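What follows is a set of notes on a single structure, which appears directly below.
Numbering (full-length UniProt numbering), first residue to last: 1 to 284.
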């Protein structure tokens with residue numbers, strides 16, 4: 001079974017998560033990867049008290065390995081969705097998510113056993129970069145899926161094998177708004193990049209080749225929250241299994257479409273059999 005290590009945030013999202021599943025990009029990606037059929041370990045931190053215990057229990061319930069999910073003094077990370085006339089926005093209080101500023105020897109050893117390391121870059125960037133270095137030093141491929149995008153340090157980009165961002169993130173990192181131009185520009189930073197295009201699918205490019213569009217399956221969007229995490233997680237699983245990139249992307253877009261067609265973020269993550277069935281239906 002493919003082993004994925006996820007390094008990222010774990011958050012309580014009061015009032016925004018009727019599904020009861022753990023929030024935070026790291027936790028959502030870990031749950032999505034586990035449902036997609038991988039053995040998953042999550043490196044991160046939760047706080048003391050009931051929130052931390054509930055977050056840990058939710059991950060265990062989903063089959064995510066939490067041996068290196070640390071408990072640190074103080075509150076867990078929290079995120080609340082605020083509504084105003086401009087729309088909705090997340091208000092995040094990092095709490096325990098501010099703790100992973102580096103990697104411990106046990107973290108590096110665990111990363112060395114993985115087929116792929118998945119990074120969400122929503123915990124302190126020095127820790128994210130340290131995890132990427134640990135992977136690179138042990139020959140483990142690294143997938144970086146930062147959203148929302150903040151400028152990653154050069155050392156993190158240098159250790160990234162595959163960058164996954166949405167159109168806005170690609171434009172922010174590349175300085176170019178048009179997806180074809182932005183994905184080409186991203187190849188100056190990393191050897192391989194995927195730009196997600198919402199319901200239109202995604203755009204994939206590798207150094208030395210031309211960008212390729214992988215169309216998305218038809219979907220009636222119910223709740224797109226978390227679909228990007230599902231995409232990144234499913235793609236990481238497929239890459240870890242050694243699938244060629246084109247079918248790996250088709251599988252990931254099918255997973256994201258299933259997620260976007262359901263309410264909730266964590267609970268909308270599809271299981272492997274559902275993704276396989278959706279791909280088979282699209283192909284027929």
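Think of the CB as a built atom: it goes at the ideal place given N, C-alpha and C, for glycine as much as any other residue. The structure presented is a predicted model; accordingly, all values stated were derived computationally and were not measured.
- Query: The alpha helix (DSSP H) spanning residue 10 covers which residue range?
  - Reply: Note, residue 10: premise wrong, no alpha helix (DSSP H); not H, not E.
- Could you check if residue 196 is buried or exposed, using at least 16 other CB atoms within 10 Å of its CB as the buried criterion? Looking at its Cβ environment, which holds 16 or more other Cβ atoms inside 10 Å, residue 196 is buried.
- Message: With three or more C-beta pairs closer than 8 Å as the rule, is the segment 53-61 touching the segment 117-124?
- Response: no
- Message: Between 64, 53, 63, which has its C-alpha nearest residue 72's C-alpha?
- Response: 53
- Message: Let's test the definition: count the other Cβ atoms within 10 Å of the Cβ of residue 222 and tell me whether it reaches 16, buried, or not, exposed.
- Response: exposed
- Message: Does residue 179 pass the burial test, meaning 16 or more other C-beta atoms within 10 Å, or should it be called exposed?
- Response: buried
- Query: Is residue 270 buried or exposed, if buried means 16 or more other CB atoms sit within 10 Å of its CB?
  - Reply: buried
- Item | Paired residues, beta bridge with residue 141 - DSSP | 116
- Message: Using CA atoms only, rank isn't needed, just tell me which of 8, 7, 30, 2 is closest to residue 266.
- Response: Checked all of 8, 7, 30, 2; the closest Cα to residue 266 is 30.
- Residues near residue 70 by beta carbon distance below 6 Å, same chain, minus five either side: 45
- Item | Expected contact under 8 Å - CB spacing of residue 177 and residue 185 to nearest Å | Approximately 11 Å separates the beta-carbon atoms of residue 177 and residue 185; this is outside 8 Å, ruling out the contact.
- Tell me the DSSP bridge mates of residue 3? Looking at the DSSP assignment, residue 3 forms a beta bridge with 39.
- Item | Same chain only: Cβ atoms within 6 Å of residue 43, ignoring 5 sequence neighbours per side | 7, 68, 107
- For the alpha helix (DSSP H) containing residue 156, list its first residue and its last residue. 154-158
- Hey, residue 2 and residue 240: beta-carbon distance below 8 Å or not? yes
- How is residue 57 classed by DSSP in three states: helix, strand or coil? helix
- Query: So, residue 211 versus residue 194, is the Cβ gap smaller than 8 Å?
  - Reply: no
- Item | Boundaries (first-last residue) of the beta strand (DSSP E) holding residue 71 | Residue 71: member of the beta strand (DSSP E) spanning 69-72, first to last residue.
- Item | For residue 103, the three-state DSSP class (helix, strand or coil) | Judged by DSSP in its simplified three-state form, residue 103 adopts coil rather than helix or strand.
- Using a threshold of 8 Å, state whether the C-beta atoms of residue 128 and residue 236 are closer than that. no
- Item | Boundaries (first-last residue) of the beta strand (DSSP E) holding residue 150 | Premise fails: residue 150 is in no beta strand (DSSP E) and is neither H nor E.
- Query: How should residue 41 be labelled, buried or exposed, when 16 other C-beta atoms within 10 angstroms of its C-beta is the threshold for buried?
  - Reply: buried
- Query: Are residue 229 and residue 25 close, meaning C-beta to C-beta below 8 Å?
  - Reply: yes
- Please state whether DSSP places residue 274 in a helix, a strand or coil. Helix at residue 274.
- Message: If contacts are defined as beta-carbon pairs under 8 Å, then residue 282 and residue 254 qualify, I think. What distance do you get, rounded to the angstrom?
- Response: Contact check for residue 282 and residue 254: beta-carbon distance about 7 Å, within the 8 Å limit, so the pair qualifies.
- Item | Option in 75, 80, 9 with minimal Cα separation from residue 66 | When each option's Cα is compared against that of residue 66, the closest is 9.
- Would you identify the three-state DSSP class for residue 80, choosing helix, strand or coil? It is a strand residue.
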